[in-house]
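J.: Protein sequences, first through last, are from chains A and B. Its first residue numbered 19, the first sequence is counted upward by one per residue in my numbering. Its first residue numbered 19, the second sequence is counted upward by one per residue in my numbering.
2 protein chains.
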Amino acid sequence: MAILSDLGTEILVPACAIVGIVFSVVQWILVSRVKLSPERHSLSNSSKNGTAEYLIEEEEGLNDHSVVHKCAEIQNAISEGATSFLYTEYQYVGIFMVAFAILIFVFLGSVEGFSTKSQPCSYNKGEMCKPALANAIFSTISFLLGGLTSLLSGFLGMKIATYANARTTLEARKGVGKAFITAFRSGAVMGFLLAANGLLVLYIAINLFKIYYGDDWEGLFEAITGYGLGGSSIALFGRVGGGIYTKAADVGADLVGKVERGIPEDDPRNPAVIADNVGDNVGDIAGMGADLFGSYAESSCAALVVSSISSFGINHDMTAMFYPLIISSIGILVCLITTLFATDFFEIKAVKEIEPALKKQLIISTILMTAGIAFVSWIALPSSFTIFNFGSQKVVKNWQLFLCVGAGLWAGLIIGFVTEYYTSNTYSPVQDVADSCRTGAATNVIFGLALGYKSVIIPIFAIAVSIFVSFSFAAMYGIAVAALGMLSTIATGLAIDAYGPISDNAGGIAEMAGMSHRIRERTDALDAAGNTTAAIGKGFAIGSAALVSLALFGAFVSRAAISTVDVLTPKVFIGLLVGAMLPYWFSAMTMKSVGSAALKMVEEVRRQFNTIPGLMEGTAKPDYATCVKISTDASIKEMIPPGALVMLTPLIVGTLLGVETLAGVLAGSLVSGVQVMLNVVVRCVLQNRPLINSIFSEPGFKIQLSKKQDSGFFRFIVITTITTFLLFGFQIFLK
Amino acid sequence: MAILSDLGTEILVPACAIVGIVFSVVQWILVSRVKLSPERHSLSNSSKNGTAEYLIEEEEGLNDHSVVHKCAEIQNAISEGATSFLYTEYQYVGIFMVAFAILIFVFLGSVEGFSTKSQPCSYNKGEMCKPALANAIFSTISFLLGGLTSLLSGFLGMKIATYANARTTLEARKGVGKAFITAFRSGAVMGFLLAANGLLVLYIAINLFKIYYGDDWEGLFEAITGYGLGGSSIALFGRVGGGIYTKAADVGADLVGKVERGIPEDDPRNPAVIADNVGDNVGDIAGMGADLFGSYAESSCAALVVSSISSFGINHDMTAMFYPLIISSIGILVCLITTLFATDFFEIKAVKEIEPALKKQLIISTILMTAGIAFVSWIALPSSFTIFNFGSQKVVKNWQLFLCVGAGLWAGLIIGFVTEYYTSNTYSPVQDVADSCRTGAATNVIFGLALGYKSVIIPIFAIAVSIFVSFSFAAMYGIAVAALGMLSTIATGLAIDAYGPISDNAGGIAEMAGMSHRIRERTDALDAAGNTTAAIGKGFAIGSAALVSLALFGAFVSRAAISTVDVLTPKVFIGLLVGAMLPYWFSAMTMKSVGSAALKMVEEVRRQFNTIPGLMEGTAKPDYATCVKISTDASIKEMIPPGALVMLTPLIVGTLLGVETLAGVLAGSLVSGVQVMLNVVVRCVLQNRPLINSIFSEPGFKIQLSKKQDSGFFRFIVITTITTFLLFGFQIFLK
């Protein structure tokens, strides 16, 4: 048996989750110390000895009072826009969730005709398991729990982001280091809330369900998989809806404002400027959070359900059973320490220190986590045990499981760094692309496309190696814990990711409030580092999605009682071919949606510039609300067809062509989706940044890393929606 | 037994091939009637009653003598450039072919220690087969034969194309119909020469080899597969080398000439203009020919080798054995009749009739061919027979084989028409993209990308259905004959394809010779139709490549004695993942090559404009030869790394990771390659045409279908090289 007792596990997991929540509340309090009310702030400030520093950096000739007031006003508009969008989105998502919950209940309950009698277990032969009706009820509950947790985490993340953006702007007056800490702390609030909430709710749900299920662990953990499906459902809509919103607003604002009218980015005269800033929060914060939460919940559930039919579950070894949760718990502690390196142990003094500081976060968390995993594998696992492997039981050692989780963790780091290498202006790829622009846009397009394709190579090898290692050691359980390993540092990953849009917003607020160029330069520097590190975050999201999808694929195959998926049979092969096409189809839909929404936005912005007198002169205010409404309506409407494709494909293929073809479709869309995603993430960063610049502003052309729109306006939507596609497509057929 | 006797087959196949060759010679003679020497032409012209027509269309105010002289001079320069490039290319390819031939010989011969003793057959147990040494010798010979036939066909195609371009220009003075017929006849020369040569050489080789092999058909047809490998090898280098050449010259000429200097396309002052026109001939004519020849030879060989170990081969039923060759023979006759519809039965009078006429070619040939296949399947096959299917024999009826071939044929037509739908300006996709340009390049990029992705959907379903039908009926043999069905109308397909670059060249010559705008408008109209139909041709190339690759995949799996390729094993799965990445890697290499070569070209053209006095004023002649040399050197040098990737991947993966992983790699690159290719073909047509226009010329922007460079400068290289990749990657491990 394991070194860690069951009681120890029962204490450790919730304790770590609560530590995470407390830590994020502390961060929130620290951020809230930056006051948005000018009078009190000046008072408290002058009463301390920080006055000198403050005055040095103060606005030149501008009235401090009115600037702070303006910032508060703009922040308010953004926050209101984001809240109202999320409420609208949640209404539709709520209807969907309820309908889907009913469907799950009816579908699962009808298996045994809603009987309340116990039945023989499907894996643990000879034992009696709880009735299908119970499974239906508890699956439905965990589905709703997963959805609600995701919604709550996304919503809180959006709240802190819209709370922190103006504060980051104000702190930028004191120095780049102060602004960085404010933005990063706010990102950390989001990261820790999500990781800790996800873990805590899952833990509580398992313990509550156990009151009913008792010794029927097989039934218990099967019901728990609803939690993952709930998370994925929200991810699907959060990503697609939020993605369409943010990109439509972004393109609309830039095309008319910057290109046609020649006014700066984030200029308050631009009617779409509020919608644009709202978009960063609903897409990049709430959407990204929902996405990673989905992967996290899915991989935990996939590992747990395999555990329950392996020796852990059969022997009722609770500590080993909770191995996936313990890893996540330790992950929270590791990320906590890592965060202190950015906010407390070191201080950022110059712009060029920002990107290395963010990169250091990844390295530190990975190294600490490796030790953490080793420790957990040693104390929480028996030295030898068996893992369910497509019908048979496979003997696994604890060090092998350590290697599985470690392979996932380090593959994540490699993917992150390769993505960074290809998208950062400090290395040759971006410099080469910039160089190719000497001869114009055409050679630039070729070079950008080539690099985008090239960037796929190493990440694919990294994923392949981690799959090979974890699959060889512990079959599908290995894959699931490898995904968990990659996601174990999710709190840090999300902090880095959320930091980007917050800095972006801060820059926008500085511009709109009419603050000096020096402030804008600082926020731009923060934002530039955020753009590159955001690409790293996307690399993580893709890698973990690939692993999770594979684990779910394994679960699907086991459940469908398929013993081989043979490429040499026509059914599987055409499935593979059609499946490989699906990511393209899905992307076509989402991009068309962005295009249509952007068209409407452009027309509205043009209309306002043409019909509102005094708008260009700054004497009249634009109608921000209409633009917000256009983005909201378009994204709500347009998220339906891609959502339907993802949900209906497995149902239609499975029903019409059978499970073998479906297995082929799932495998095909998995391998092709990963390529499409990785390719798009780098190519769009590389290509749009210079290309769009060269189209819009200056034919002579110079890479400007600090401009927001450069980082690719469809990158976001394509990658993240495909991630969701993969996850959701697998899950839906499992239920 | 079949209705057609063995003697009948022995007569039918070579007769059809010879008819094809004679027909193409006749076409060549008809083209040569257009004289390039002005004096004689005027004389012969005034002596007939065609004078009136001729004079009406004659150049306004320009000296006829000097115009014709100039055309001849330009044609000469293009022809010389193309010939010299092909000679250089063939030198390198020749060295490679010899080295590779030696390798094949040593590799195959050493299997049995170069023994000259007969050995038991591997499939036809109990019989004695010829020694491995014989197999090595004859495989090597057929490899070289395949390579030589491909080279010869490509070279002759280039010759007729450079012979016909100026003649098309001159005929354009008489009317668009005359010019069309000249260009189309020249395309037909290429198409028929290739199809007939390929068939005839293969037929002769089989009959000569049979003198030695006698009754050992298993050994005979195994040796014959070298023919396919030879064709694929040339395709690899022809496509990559020619593709890099043409696109580097194209981008270089347009970027400096059109964009920076504002001179028209094909202006004689542009130093890269000859290189550009040479590129069309070496890339789109010689390269395309080699590519389709590769597919054609591979599918014939794949079908023959499966036949030889099926009941046809075991029972020595020669007519049934030659079923693949008989289909190709009938295909030549069908294409012959089809060609007459374009050149003799109807006459084109207006510009808008060109595209429908080309489309009609496809429809007519497909309908006639369907009847042809039915007839062949009835007379050449027994009503019931067995086909080798991964170790067992499967019973197949003759009508089932008809359906296999027909499925391939019609899938080709569907793919062609979908490609046309997405790339022609008469339908909504292109119009939508054009419409999206109202709001600027950004929305245009989004819409173009979305449509490119969308265009993949229907072709993938068409391929999937034909795979399912043919695989279910006749296993891998079914797939091979489905590919042959798609390629049975290759003569017509190639005629349409080659017609494009010839018209393109004709326009260039009109511009360079200083002919009037009316002539240029006519050649532009021819070229525009050619661009869209060229996209159709590429659809065919991709579809047939997918089928052929699958057939080769089947052959590989049989040979490697793998019974299942199970996606659920880690070895296969990581193979799938890595394989799906390879097309991206390969594309990255080829595009980087194009980019580097284009950079050099741009610099050279700029240098000439800056240093040669009087160049812009038209008083000094540019140094065409240096530009031709840059393209030649770059493409020769740059074709090595992608070639190495294709050839080394199967060897390295197979040696290090074993055959299961290799099977996964091959399947992965097959399914992913097809998507990448189809996506790129449409997207680039859609996107560059408007996008590059919008970058280069007019921000207000209007779709101009008649401009050459618009049709996508990397479309070509990506698709076609991947096609080759698929074919070659499979073949190399088989030998």
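Beta carbons: idealized from backbone N, C-alpha and C, even for Gly.
Using CA atoms only, rank isn't needed, just tell me which of B/Ile252, B/Asn295, B/Ala182, B/Lys192 is closest to B/Phe202.
T.: B/Ala182
J.: Answer with yes or no whether the minimum CB distance from A/Val566 to chain B is below 8 Å.
T.: Taking Cβ atoms only, chain B never reaches closer than 8 Å to A/Val566, which makes this a no.
J.: Using a beta-carbon distance below 8 Å, is A/Leu704 in contact with chain B?
T.: Bear in mind that the predicted position of A/Leu704 carries a pLDDT of just 47, short of 50, making it unreliable; the figure below should be weighed with that in mind. Answer no: the Cβ-Cβ gap between A/Leu704 and chain B never drops below 8 Å.
J.: Helix, strand or coil, according to DSSP, for A/Thr582 in the structure here?
T.: coil
J.: For A/Ala267 and A/Met619, which I take to be in contact (beta-carbon distance under 8 Å), what is that distance rounded to the nearest angstrom?
T.: Contact between A/Ala267 and A/Met619 holds: CB atoms are separated by about 6 Å, below the 8 Å threshold.
J.: Which full runs of the alpha helix (DSSP H) of 4+ residues lie inside the segment 289-332 of chain A, going along the chain?
T.: 291-297, 306-326, 329-332
J.: Relative to chain A, which residues along the segment 234-264 of chain B have a C-beta separation below 8 Å, given in chain order?
T.: none
J.: What does A/Val596 touch in chain B if you count any residue whose Cβ is under 8 Å from its own?
T.: Ile478, Phe479, Ala482
J.: Looking at A/Pro289 and A/Tyr642, is the spacing between their C-beta atoms short of 8 Å?
T.: yes
J.: Applying the 10 Å Cβ sphere with the 16-neighbour rule, what's the burial state of A/Leu669?
T.: exposed
J.: Exposed or buried, B/Phe435, counting other C-beta atoms within 10 Å across all chains shown (16 or more means buried)?
T.: buried
J.: If we call anything under 8 Å between Cβ atoms a contact, is A/Ser442 one with A/Thr550?
T.: yes
J.: Quick one: what does DSSP say A/Met146 is sitting in, helix, strand or coil?
T.: strand
J.: Taking the C-alpha atoms as reference points, what is the distance between B/Ile554 and A/Phe330?
T.: 58 Å
J.: Can you give me the Cβ contacts of A/Ser23 inside the same chain, cut-off strictly under 6 Å, excluding the 5 residues immediately before and after it?
T.: none
J.: Would A/Gly430 count as contacting chain B if we go by Cβ distances under 8 Å?
T.: no
J.: Taking Cβ positions only, does B/Ile740 come closer than 8 Å to chain A?
T.: Residue placement at B/Ile740 cannot be trusted, given a pLDDT of 46 that sits under 50; the coordinates are not used to answer.
J.: Could you give the C-beta distance for B/Asn215 and B/Ser157, rounded to a whole number, given that I count them as a contact under 8 Å?
T.: B/Asn215 to B/Ser157, Cβ: 21 Å. No contact.
J.: Would you list, in sequence order, the uninterrupted alpha helix (DSSP H) runs of no fewer than 4 residues that lie entirely inside the segment 202-289 of chain B?
T.: 235-271
J.: Hey, could you find the ends of the beta strand (DSSP E) B/Val413 is sitting in?
T.: 410-415 is the span of the beta strand (DSSP E), which, as asked, contains B/Val413.
J.: Taking 8 Å as the cut-off, decide whether the C-beta atoms of A/Leu570 and A/Ala241 are in contact.
T.: Against a cut-off of 8 Å, the Cβ pair of A/Ala241 and A/Leu570 comes out as no contact.
J.: If the cut is a Cβ gap below 7 Å, which residues of chain C does A/Trp396 touch?
T.: As a matter of chain content, chain C is missing from the structure shown, whose protein chains are A and B.
J.: Which term fits B/Lys610, buried or exposed, when burial requires 16 or more other beta carbons within 10 angstroms of its beta carbon?
T.: buried
J.: Looking only at its own chain, which residues have a Cβ that is under 7 Å from the Cβ of A/Leu188, when we skip the five neighbours before and after it?
T.: The beta carbon of A/Leu188 sits closer than 7 Å to the beta carbons of Val52, Val86, Cys89 from its chain, once the five residues preceding and following it are set aside; these are given in chain order.
J.: Grouping DSSP H, G and I as helix and E and B as strand, with all else coil, what is B/Phe340?
T.: coil
J.: Using 8 Å as the Cβ pair cut-off and three pairs as the minimum, do the segment 498-516 of chain A and the segment 341-357 of chain A touch?
T.: yes
J.: Quick one: grab the DSSP three-state call for B/Thr134.
T.: Of the three classes helix, strand and coil, the one that applies to B/Thr134 here is coil, per DSSP.
J.: Buried or exposed for B/Ile21, going by 16 or more other Cβ atoms inside 10 Å?
T.: Burial is judged here by how many other beta carbons sit within 10 angstroms of a residue's own beta carbon; B/Ile21 has fewer than 16 and is exposed.
J.: Between A/Asp309, A/Asn94, A/Phe198, A/Leu376, which has its C-alpha nearest A/Ala213's C-alpha?
T.: Nearest to A/Ala213 by alpha-carbon distance, out of A/Asp309, A/Asn94, A/Phe198, A/Leu376, is A/Asp309.
J.: Between the segment 582-595 of chain B and the segment 330-343 of chain B, do at least 3 Cβ pairs fall closer than 8 Å?
T.: The count of Cβ pairs closer than 8 Å, one atom from the segment 582-595 of chain B and one from the segment 330-343 of chain B, stays below three, leaving the stretches out of contact.
J.: Which residue marks the beginning of the beta strand (DSSP E) containing B/Phe406, and which one marks its end?
T.: 402-407
J.: Taking the beta carbon of A/Leu126 as the centre, do at least 16 other beta carbons fall within 10 Å, making it buried, or is it exposed?
T.: Taking all protein chains in view, the Cβ of A/Leu126 is crowded by 16 or more other Cβ atoms within 10 Å, so the residue is classified as buried.
J.: Using a Cβ-Cβ cut-off of less than 7 Å, give me the residues of the segment 488-518 of chain A that come near chain B, in sequence order.
T.: Phe489, Ser490
J.: By the DSSP assignment, the alpha helix (DSSP H) with A/Glu365 in it spans what residues?
T.: Unbroken run through A/Glu365: none, as it is neither H nor E.
J.: How big is the Cα-Cα spacing for B/Gly164 and B/Leu226?
T.: 15 Å
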